[in-house]
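Notes to accompany the following structure.
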Amino acid sequence: MVTTVDHTILAQLARFITYVLVNDSACVTNIIVPANTSIQQLLIVKTGLSAISFAKNDILYLLSIEEANLNHIPPTLGNLKNLSYIKINHTPLQQLDVSHFCHLPRLHVIDLCHNKIHLITGQQYPKCGPLLVEIWLANNRLKNLNLNVFVPFSNLEAFTVSNNMIETISGAFKNTQISEVSLSNNLISKLDLCEWSPMPYVTNLFMEHNKLTNVPKCLGRMPNLLVINLEHNQLQNVSIDELRELKQLELLRLSWNPIVSFAMHEHSLPPSLKELDIRHISLQFLNISPKVAQAVMIQTLFLVSIAVMHCSAFQFRCQQITKNYTCTITNYNPKLEGAFLFNHVPNQTDIIDFKNLIQATVGSMIFSNIPRSVGTISFSGSSTVRAMVVPRNISFTEIIATEPTMVRMRFERNCTLAKLFVMQSSMTAIPPTLINLPNLSFFKLSSSPIEQIYLDQFCNLSQLTALNFRYNLITTVTFRNGSATARCVTVLDKLLLSNNKIRSVNMTVFASMQELRIIDFEDNLIETVEGRFTNSKIASLILANNNLLTIDLCQWNTMPLINSFSLHKNSLQLLPKCLGRMPRVKFINFNHNKLTQITMDAFAMLKEIRSENCQNAIRPIVVGKEMVGETCASDLLGTRRKQRLYIILFKYYPLMIICFKPLPILGYKMVCKTAIKHHCFIDHLNPRMTKLSSLRANLPADVAFVQFRHLETSTIDHTIFNYLDHSVESVRIVDSRALLKLIVPANFTIKQLTVEKTHLAWIHFQANHAITGVWITWSYLYQIPPSLRNLKSLNYIQLKNSLVQHLNLDLLEWCSKLDSLDLTHNNIHTITTTLNDEQRRSLSLLNLSHNQLRIINLEVLSPLGWFKDVNLAHNKIELLVGRFASDYLSTLTLAHNRLKTLNFCQWKPMPSLQSISLASNELSHVPNCMNRLSGLSIICFSNNKLTSVSMDVFGEMHNLTDLDLTANRISLIKFREERYPKRLERLIFKSNKIECNNLGDLPFCPLDIEFEKSQNQSSWERTNVRFLKQLIVIT
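In numbering that gives the first Met the number 0, the protein residues as written are 0 to 1034.
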């Protein structure tokens, strides 16, 4: 049995291993972490550990020790210069010298809860733990607390010593950055803040369950307090005068105290006070002036448990949406209302939305009571929430937090949470414990004061596909210790960093994230882009709206898959060098730069280029040698305005005359063309700078098509759409990255809506009977808009190249006229429905190719059989099971998946099916019960692992004409007279990789095609002749 874990184990680990967990190892008593290791996160759980030491190490940044015999802080902890988070819980640790943490320059969080600490000491250092923001000391055995030992930690923000046995507090806090102090559940009888430094960031003071006999003195040291909780103390006489300096105070809780007298007058009333809780007290003398009584009515100040006045702001409401419920809980105080409400949550609830939660730390008191049916938890609109601690015993998969006051989040290890949205917060760093969420697939942190991103924090999140850090204050994106080339197991696909404060980008930092497909740096302050870019799978790179003067691609590797490269609104004076590194790019945007002259030679290597947008301080007009446009002609003939004219001769192009003239500054630019009806193209529309009535006036009366390009607004709604005439049948919005929200009004009479290449994240359709088709591509939509059900005439939906993760086929019921659904290139991994065969109808197309599907249970997805054409290609399907029936299915595509076996025996006969493709899977034999698909005329098994094929399995397919067995390992094809496809015309064997066992004298591997007679006197030979004339074998 191993008792010591040292370099003999840890130094032998492969360099790409950065996460190590030692658990359930009672025999391990000693761990020695060597210097030559790549470990970044070390977790030790349920061991006999009594000693641990560290050599000098600049890699390890997370250390967690739980349920061990360790009784001291390791003296060599100071060798971990990169340590960011340390947790030591459930150990016999009794004494703590905080100076151990002074020489850790990157330390953010200290968690020493659930130990036996009874003494805390420290030494005075001028600079100590410069980044330390959280100290957790709850559930220990402290009796006396000297606050002076924490003075050196000048950036401390959160201090928790709840659930100890503290009787006296000495010294004073000088830590002006503190925002949360938790002293609850102790034995404190007196607290004096008069010697403390002002703490302007503290908004919540929790001292419930103590022995206080008086309200703490000098609470004015915390001028911005919103909540004070003094419940369950020994208060007897309380006057509101003691709180008169607290101008922001909204909530005061004094319940469960032996208060016998309470005084409140208008001159001392905190102006923002909204709630005063004095339930369960021994009130004998109530002194409230008449003016305050009047103010009670006006300001909705309410005294809980006073007979003349009783109300509750708590609200609990559940609303059924389709089959499930969404519950909204408003003004909930867990300590006041308890957990009873969770017993009344309906069984089919999938979303719980907390609004204005009255609790500083959201933890297990809420999370552990969430019913297992709930998938999404949302928090918003609270002024008291400061922290969120997510326990391990949860079942929900998604958290959405829009809490401006929240400064930190902590996660215990759990395997259910898959999506985390922090829409607004006061967090200044990525939570170090994010690593405890192994199934996290999406993380968004926006509208927060975060300034630095360490990409190695995400390396071990093996399911993470998208990171969204838009609208923060990020200045730096890097790897710790420059380890950008270390192996990263992430499958990260999208990295969004727009709307930050980045000034310089080193592309080398992305080298280890080889699955990256989209990187967005739009709307930063980027002046330089340097380093080697080696991400071969990149498809879109956005550097728009920055301050780039130049960019050189010559150090970049060739990017064979990139199709979009945007550099608009920079200060480029020359085209980037080595554009040929992007041979298949289709869209390049250089609009609004400082280009004065361009040469088409720069684009000569770009064979698939479709659009080069080069609208700068000049407007190019390109004409051939046979004709000169009117605008250019006027320049050639001379006008009063000075224009610049360049005539450029190209080796591979005919003579081109390019005329340049200054670009006018307009609210928008509109061009209308006449075909049968007018088509109008509107560029750079900015509603804030445009008189929209002029838009209506300038549109032709019979305009049928309107395109908006480069919209300069984040929201489109009726304020724009109402200016379009009723003659408009189709609207297209394209290349508008500013667009985030779209609201389609009820009175909109168009038939077709197209939205392409935007940052659209939310769309809502009001009830509408006109729209028949919706096309959305390249957006940031994470779900199919639920409001599509409001489109009663909807016939076609296309939502491609977006972030959709789930498909509910009940959409077919909501949209009764829907005929085609195209959801290619998304992240769909689950499909559900409540529909059954009794509701079936005939539909045309379901396209789910290029998604993340893994398992398809056809038995619960009967609507798949309602479509004529179903495309499930380019997924990760490993299993296709269940009974299946269809009277309509004509084409089924299952190509480019991971199927190793397939069985049609549970399928009902399907004569309608004409074509099936199982190309590029891992099939080693032909699926069983192919005879259930007797109507097939085309079958494709190319690029599988077939080694032999008997035509018996196709014997009942009297319509089969084409059988593609390309790129398999087939050495034998057998036809038997009794059973073979009699109409087979083409048998394709291209690139067949035959494995030869006995070559003998043959210089090649033979492919045998045998024709076997049923008996000697059979007519097979004559039939065989006719069949061979009919059959074409292609090799």
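The C-beta atom is built at its ideal place from N, Cα and C for all residues, glycine as well.
Predicted model only: the values in this text are computed from it and were never measured.
query, result
"Pair within 8 Å by beta-carbon distance, Thr712 and Asn685", "yes"
"Span separating the alpha-carbon of Thr533 from that of Leu491", "15 Å"
"Three-state class that DSSP yields for His107 in the structure shown", "coil"
"Short Cβ contact (8 Å threshold) for Ile320 with Ile351", "no"
"Rounded separation between Ile16 and Asn342 - CA only", "45 Å"
"Per-residue burial, Met688 [other beta carbons within 10 Å of its own, 16 or more giving buried]", "exposed"
"Assigned secondary structure, Glu397 (DSSP; H/G/I helix, E/B strand, else coil)", "strand"
"Separation of Asn920 from Asn942, as counted between CA atoms", "7 Å"
"Span of the beta strand (DSSP E), counted from its first residue to its last, around Glu1009", "Asp1007 to Glu1011"
"Reduced DSSP category for Pro653 - H, G, I as helix; E, B as strand; rest coil", "Because Pro653 sits at a pLDDT of 32, beneath the cut-off of 50, its placement in the model cannot be relied upon, and the point is left open."
"Proximal residues to Asn930 (C-beta, below 6 Å), its chain only, five neighbours per side dropped", "Glu955"
"Chain-order list of residues whose beta-carbon lies under 6 Å from that of Ile398 (same chain, five-residue window excluded)", "Ile376 and Leu419"
"Test: Gly954 CB closer than 8 Å to a CB of chain C", "Here there is only one protein chain, and chain C is not present."
"Enclosing alpha helix (DSSP H) for Leu9 [first to last residue]", "His6 to Leu9"
"Beta-bridge partners of Ala872, as assigned by DSSP", "Ala872 pairs with nothing; no bridge assigned."
"Cutoff 6 Å; reference Arg469; Cβ partners in own chain excluding five residues on either side", "Ser445, Leu495, Ser497 and Asn498"
"C-alpha distance - Asn22 paired with Leu48, whole-angstrom precision", "11 Å"
"C-alpha gap between Ser949 and Lys992, whole angstroms", "18 Å"
"Residue range of the beta strand (DSSP E) that includes Ile830", "Thr829 to Thr831"
"Among Val406, Ile365 and Arg407, nearest to Ser395 - alpha-carbon criterion", "Correcting the residue type first, residue 395 is Phe in the shown sequence and not Ser. Answer by Cα proximity: Ile365."
"Integer Cβ distance of Phe1039 from Thr432, believed to fall under 8 Å", "Since the first residue shown for the chain is 0 and the last is 1034, residue 1039 is missing from the structure and cannot be characterised."
"Selected residue, minimal CA-CA separation from Pro219, among Gln235, Leu211 and Asp240", "One point to set straight first is that residue 219 is Gly, not Pro, in the sequence displayed. Selected option, being the one with the closest Cα: Asp240."
"Close beta carbons around Leu79, own chain, < 6 Å, minus the five adjacent residues each side", "Phe53, Asn56 and Leu59"
"DSSP state of His99 mapped onto helix, strand, coil", "helix"
"Delimiting residues of the beta strand (DSSP E) encompassing Met364", "Run containing Met364: none in the beta strand (DSSP E); it sits in the alpha helix (DSSP H), Ser363 to Phe366."
"For Gln1035: DSSP bridge partner residues", "Shown here, the chain extends from 0 to 1034; a query on residue 1035 therefore has no answer."
"Candidates Cys26, Tyr795 and Asn958, of which the one nearest Pro910 by Cα", "Asn958"
"Backbone secondary structure at Lys500 - three-state DSSP", "coil"
"Which residues DSSP lists as bridging Lys246, in chain order", "DSSP output for Lys246 lists no bridge partner at all."
"Residues bridged to Asn896 (per DSSP)", "According to DSSP, which records beta bridges pairwise, Asn896 is partnered with nothing at all."
"Bridge-paired residues (DSSP) for Leu844", "Ser819 and Asp868"
"Cβ neighbours of Thr212 in the same chain (closer than 8 Å, five flanking residues each side left out)", "Ser188, Lys189, Asn232, Gln233, Leu234 and Gln235"
"Own chain partners of Glu629 with C-beta closer than 6 Å, once the 5 adjacent residues on each side are dropped", "Because Glu629 sits at a pLDDT of 35, beneath the cut-off of 50, its placement in the model cannot be relied upon, and the following sentence gives the value as read from the coordinates. Cβ within range, chain order: n/a, list empty."
"Local Cβ density within 10 Å of Gly337, reported as buried at 16 or more and exposed below that", "exposed"
"Integer Cβ distance of Val361 from Val384, believed to fall under 8 Å", "6 Å"
"Validate contact between the segment 561-572 and the segment 582-599 using beta carbons, cut 8 Å, 3 pairs", "yes"
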